[in-house]
Amino acid sequence: MAGVMDSVNQRTQLVGQNRLELLLFRLDGKQLYGINVFKVREVLQCPKLTIMPKSSPVVCGVANIRGATIPILDLALATGSAGLQDRQNPFVIITEYNTKTQGFLVRSVERIVNMNWEEIHPPPKGTGRDHYLTAVTRVDNQLVEIIDVEKILAEVAPTSESISVGVVDAETAHKAVSLRVLTVDDSSVARKQVTRCLQTVGVEVVALNDGRQALDYLRKLVDEGKKPEEEFLMMISDIEMPEMDGYTLTAEIRNDPRMQKLHIILHTSLSGVFNQAMVKKVGADDFLAKFRPDDLASRVVERIKAADHG
């Protein structure tokens, strides 16, 4: 496993080309699962765990890794099955989501595959456990399920969705009522979090599931003679999405003179300076880490005030 996490620089070059790399792993059965390599800090044999009283049943315990105390979650249990039965030499995938670090206990780690986002599809309607899937794909004719980690983390450690008093003043709230915001995210939990936050500000929300859907929606608008920048105060888009990622969506919008004036914020659970560089490269207006209701509300308030003076 030593070579799994090397060559990050090569990985950064994939982004903006609608590409990603998936780390494939298994829980108890034969089913393959995938997680975006960009979320993964390292993979290691499960270290000694310390049980934490009163923690969620999903949390197996905490591990001391490189001087940090990291919660380790049983991914099988978190996705509604019986939990990892075979605890002989399991692996832990250390991940970073929304600026928080946690480990996922898995049976085995297979390999990394390089894919195009166009090969990653929303879960089929009616899938039994699609409740915990954000996407599916195929590798060597095997179905790979991509788990909605944001949903799992929201259940294990719920994030407050309320906005602090004073972030939205009465005058801004009054103006917000006549405005709309377009939000794009493949995670149902993330869509609900963003929508509730924006509705608290007062704006109307149009929520779409992925970049391809959003681009088709905007193209239909301009074909009808409408201007996206007049229809929407802004677009808030996730980066990692099936069919088309947020970077590619942004680049497509900026390359179309009919919609290039739309204000775009990329909203992501990916961390790091790298994203800020990519935001500039594809032409987004801003970058925001998930999920901080006050920060999100503040950006919307700023846009309402800027539009008012514009």
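Take 1 as the starting number for the sequence shown in UniProt numbering and just add one per residue. By construction, the Cβ of each residue, glycine as well, lies at the ideal position given by its N, Cα and C atoms.
- Query: Does the separation of the CB atoms of ALA76 and VAL58 fall below 7 Å?
  - Reply: If you number the sequence shown from 1, residue 76 lands on position 76. If you number the sequence shown from 1, residue 58 lands on position 58. No.
- Item | Closest by C-alpha distance to LEU198, when choosing among PRO293, PRO47, GLY166, SER160 | Taking the sequence shown and counting its residues from 1, one reaches residue 198 at position 198. Closest by alpha carbon: PRO293.
- Mind pulling the alpha helix (DSSP H) runs of 4 or more residues that sit fully within the UniProt domain "CheW-like" (19 to 158)? 75 to 78, 149 to 156
- Message: Between the alpha carbons of ARG19 and GLN213, how many angstroms are there, rounded?
- Response: Translated into the one-based positions of the sequence shown, residue 19 becomes position 19. Translated into the one-based positions of the sequence shown, residue 213 becomes position 213. Cα to Cα, ARG19 sits roughly 18 Å from GLN213.
- Item | Whole-angstrom C-beta distance between GLY126 and ALA173, which should lie under 8 Å | Counting from one through the sequence shown, the residue named residue 173 turns up at place 173. Counting from one through the sequence shown, the residue named residue 126 turns up at place 126. Their Cβ separation, rounded to whole angstroms, is 40 Å, which puts ALA173 and GLY126 out of contact at 8 Å.
- Query: Would you call GLN31 buried or exposed, if buried means 16 or more other Cβ atoms sit within 10 Å of its Cβ?
  - Reply: Counted from its first residue, the sequence shown places residue 31 at position 31. Classification for GLN31: exposed.
- Message: Tell me which residues share the same chain as ASP130 and place their Cβ nearer than 8 Å to its Cβ, disregarding the 5 neighbours each side in the sequence.
- Response: Counting from one through the sequence shown, the residue named residue 130 turns up at place 130. Note that ASP130 scores a pLDDT of 49, beneath 50, so its modelled location is shaky; the value from the coordinates is reported in the next line. The answer, listed in chain order, is PRO123, PRO124.
- Do three or more CB pairs link the region 216 to 234 to the region 87 to 98 at distances below 8 Å? no
- How is the alpha helix (DSSP H) around VAL194 delimited, first residue to last? Counted from its first residue, the sequence shown places residue 194 at position 194. 188 to 201 is the extent of the alpha helix (DSSP H) around VAL194.
- Query: Leaving out five residues before and five after LYS54 in sequence, what residues of the same chain have Cβ atoms less than 8 Å from its Cβ?
  - Reply: One-based indexing of the sequence shown puts residue 54 at position 54. Result list for LYS54: empty, nothing under 8 Å.
- Item | Assumed close pair CYS46, PHE91 - CB separation to whole angstroms, cut-off 8 Å | Here the question's residue 46 lines up with position 46 in the sequence shown. Here the question's residue 91 lines up with position 91 in the sequence shown. 6 Å between Cβ atoms; contact.
- Task: Specify whether the region 164 to 178 and the region 143 to 154 touch according to this definition: at least 3 beta carbon pairs, one from each stretch, less than 8 Å apart.
- Result: no
- If you check the beta carbons only, do ILE94 and GLY103 fall under 7 Å apart? Walking along the sequence shown from the start, residue 94 turns up at place 94. Walking along the sequence shown from the start, residue 103 turns up at place 103. Contact: yes.
- Task: Let me know if ALA277 comes out buried or exposed under the rule of 16 or more other beta-carbons within 10 Å of its beta-carbon.
- Result: Stepping through the sequence shown from its first residue, residue 277 is reached at position 277. ALA277 comes out exposed.
- Using DSSP with H/G/I as helix, E/B as strand and the rest coil, what is SER160? Position 160 of the sequence shown, counted from the first residue, corresponds to residue 160. Residue state, collapsed to three classes: coil.
- Message: Rounded to the nearest angstrom, what separates ASP295 and ARG254 at their Cα positions?
- Response: Residue 295 sits at position 295 when you count from the first residue of the sequence shown. Residue 254 sits at position 254 when you count from the first residue of the sequence shown. Rounded to whole angstroms, ASP295 to ARG254 spans 25 Å at the Cα level.
- Query: Can the beta-carbon of LEU208 be found closer than 7 Å to that of VAL181?
  - Reply: Working through the sequence shown from its first residue, we reach residue 208 at position 208. Working through the sequence shown from its first residue, we reach residue 181 at position 181. No, they are not a contact pair.
- GLY283 versus SER162 - alpha carbon distance: Your numbering for residue 283 matches position 283 in the sequence shown. Your numbering for residue 162 matches position 162 in the sequence shown. Going by the C-alpha atoms only, they are around 30 Å apart.
- Item | Terminal residues of the beta strand (DSSP E) in which ARG180 lies | Your numbering for residue 180 matches position 180 in the sequence shown. Taken as a continuous stretch (DSSP letters only), the beta strand (DSSP E) holding ARG180 covers 180 to 184.
- Contacting residues, own chain, Cβ-Cβ under 6 Å from SER269 (five flanking each side not counted): Stepping through the sequence shown from its first residue, residue 269 is reached at position 269. Around SER269: TYR97, ASN98, LYS290.
- Task: State the Cα-Cα distance for the pair ALA157 and ARG138, rounded to the nearest angstrom.
- Result: The residue labelled residue 157 in the question sits at position 157 within the sequence shown. The residue labelled residue 138 in the question sits at position 138 within the sequence shown. Those two C-alpha atoms are separated by around 31 Å.
- Query: Going by other Cβ atoms of all chains shown within 10 Å of its Cβ, with 16 needed for buried, is PRO257 buried or exposed?
  - Reply: What you label residue 257 is simply residue 257 of the sequence shown in a count that begins at 1. The residue is exposed, with fewer than 16 neighbouring Cβ atoms inside 10 Å.
- Message: Please tell me whether MET234 and ARG303 are closer than 7 Å, where the distance is taken between their beta carbons.
- Response: Within the sequence shown, numbered from 1, the residue matching residue 234 stands at position 234. Within the sequence shown, numbered from 1, the residue matching residue 303 stands at position 303. Contact: yes.
- Message: Please report the distance separating the alpha-carbon of GLU118 from that of ALA306.
- Response: Within the sequence shown, the letter at position 118 stands for residue 118. Within the sequence shown, the letter at position 306 stands for residue 306. GLU118 and ALA306: Cα-Cα distance of roughly 36 Å.
- Length of the line joining the Cα atoms of VAL194 and VAL62: In the sequence shown, the residue the question calls residue 194 occupies position 194. In the sequence shown, the residue the question calls residue 62 occupies position 62. Whole-angstrom Cα-Cα distance: 30 Å.
- For LEU233, three-class secondary structure by DSSP: To locate residue 233, count along the sequence shown from 1; it is residue 233. LEU233 falls in the coil class under three-state DSSP.
- LYS290: CB within 6 Å of a non-hydrogen atom of the ligand ATP: Of ligands this structure carries none, so the ligand ATP is not represented either.
- Task: Figure out for me which residue from ALA251, ARG299, LEU262, GLU21 has the closest Cα to the Cα of ASN116.
- Result: Looking up residue 116 in the sequence shown gives position 116. Answer by Cα proximity: GLU21.
- Message: Using a Cβ-Cβ cutoff of less than 8 Å, which residues in the same chain neighbour LYS48 once the five nearest sequence positions on both sides are dropped?
- Response: On the sequence shown, residue 48 is found 48 positions in, with the first residue counted as 1. Counting only Cβ-Cβ distances below 8 Å, and skipping sequence neighbours, we find ALA63.
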